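A quick write-up on the structure given underneath.
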Amino acid sequence: MNYKKEFTLNNGVVIPHLALGTWQMSKDEAYKSVVCAIENGYKLIDTALAYDNEDGVGKGIKASGIKREDIFVTSKLPAEIKGYKETLKAFETTMDNLKMDYLDLYLIHAPWPWEEIGKDCTSGNIESFLAMEELYKKGLIRAIGVSNFEKQHLDPILENCNVVPAVDQISYYIGHNQKETTSYLDKLGILTEAYSPLGTGRTLKQEIVLDMAKKYNTTPASICISFCIKNERVVLPKSTHPERIKSNLNDITDISKEDMQILNAFEIK
Ligand code: A2P
-7 MNYKKEFTLN NGVVIPHLAL GTWQMSKDEA YKSVVCAIEN GYKLIDTALA YDNEDGVGKG
53 IKASGIKRED IFVTSKLPAE IKGYKETLKA FETTMDNLKM DYLDLYLIHA PWPWEEIGKD
113 CTSGNIESFL AMEELYKKGL IRAIGVSNFE KQHLDPILEN CNVVPAVDQI SYYIGHNQKE
173 TTSYLDKLGI LTEAYSPLGT GRTLKQEIVL DMAKKYNTTP ASICISFCIK NERVVLPKST
233 HPERIKSNLN DITDISKEDM QILNAFEIK
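The numbering of the sequence shown is our numbering, which starts it at -7 and goes up by one.
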């Protein structure tokens, strides 16, 4: 099956199509999973300061022996940290953890602190993004973006900042494909990254997914990941199991146009 194995961001930087997601991995799990992923051909690793595993990720990348320029590394500014100086400081911590001298992609983790979902942090987000622009201009980050942002969070960034975010990383899986946000992102040329493509495991048990897996003689995980790939989203499955890490990259199912329509129309109640 032919599918895009990389995408070009709105600033010309090329990003691979599939990442190892590391949310909910300990440092040691992140270390082992990153080594395994790179050995099996992964070119994109996604972490965050808030995951508390950046140093495991950094050590894993080093241990794998891959050249720095051959691996794409994403990290995120914690959702609780808003403001110019605060952002510069958090970035420094991330770089110390990873033991790297540049980052490929840096994202604002969420428009509001996780403890205060929905809070209006517009000015804090603008300040943070302006600080990220500074780091971007200095060459310390190759691309900057956001995560968990919807239109109302993105618009103030577009109005008050100078760089258009390259990426919005959102939760995205069969039954939850955030049509409104993704069509806005598509219109703006901002790449959608799909986190929790397996619905953190729950989507693997959905009847519609099980039926498709049976029809295509494949696994539910392959249906979930291939759904994102067919929709041209960068996909970030998380696994700590070597055999799953491998199959998540390689077992891609050529889901028909008709079945993609069915899957795209399905909504979890
Ligand atoms: P594990 O890390 O033990 O492999 P998401 O990427 O949507 O956040 O989902 C991650 C969850 O799905 C984790 O619990 C992970 O478990 C599990 N998972 C990842 N890949 C597979 C797979 N190929 N088959 C079954 N479960 C998987």
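Ideal Cβ placement from N, Cα and C applies to all residues, glycine included.
Everything numeric in this text was worked out from a predicted model, so none of it was measured.
- Taking all protein chains shown into account, residue 201 has 16 or more neighbouring C-beta atoms within 10 Å of its C-beta and is therefore buried.
- In the DSSP annotation of this structure, the continuous segment of the alpha helix (DSSP H) that includes residue 236 starts and ends at 234 to 242.
- Those residues placing their Cβ nearer than 6 angstroms to any heavy atom of the ligand A2P are, following chain order, 13, 188, 189, 190, 191, 192, 193, 196, 213, 229, 230, 231, 232, 233, 236, 239, 240.
- At the C-beta level, residue 232 and residue 25 come within 9 angstroms of one another.
- Around the Cβ of residue 248, a 10 Å sphere holds fewer than 16 other Cβ atoms; the residue is exposed.
- About 5 angstroms separates the CB atoms of residue 123 and residue 80; that is less than 8 angstroms, so the two are in contact.
- DSSP places residue 93 outside both helix and strand once states are collapsed to three, so it counts as coil.
- In this structure, 9 is the residue among 2, 9, 20, 223 with its C-alpha nearest to the C-alpha of residue 242.
- When the beta-carbon positions are compared, residue 173 and residue 141 come within less than 9 angstroms of each other.
- Taking residue 18 as reference, the option from 45, 190, 71 with the minimal CA-CA separation is 45.
- For residue 38, the beta-bridge partners assigned by DSSP are 13, 66.
- Straight-line measurement puts the Cα of residue 121 at about 43 angstroms from the Cα of residue 203.
- About 11 angstroms separates the beta carbons of residue 74 and residue 101, which is beyond the 8 angstroms limit, so they are not a contact pair.
- With respect to residue 23, residue 55 sits close: the two C-beta atoms are nearer than 9 angstroms.
- Put simply, the backbone Cα of residue 97 is about 10 angstroms away from that of residue 132.
- Separation of the CB atoms of residue 13 and residue 38 is rounded to 5 angstroms, and the pair is thereby assigned contact status at 8 angstroms.
- DSSP places residue 139 within a strand segment (E or B) once states are collapsed to three.
- A distance below 9 angstroms separates the beta carbons of residue 148 and residue 118.
- Here residue 229 carries a coil assignment [DSSP, helix/strand/coil].
- From the listed residues 223, 61, 198, 29, the smallest Cα separation to residue -5 is found for 223.
- For residue 157, no alpha helix (DSSP H) run applies, since DSSP gives it neither H nor E.
- Spatial neighbours of residue 52 in its own chain (CB-CB distance under 6 angstroms, excluding positions within 5 residues in sequence) are listed in chain order as 23, 26, 27.
- Residue pairing from DSSP places residue 163 in a beta bridge opposite 187.
- One alpha carbon belongs to residue 166, the other to residue 220, and they sit about 8 angstroms apart.
- Residue 111 and residue 139 have their alpha carbons spaced roughly 15 angstroms apart.
- Scanning 87, 215, 99, 143 for the CA closest to the CA of residue 180 turns up 143.
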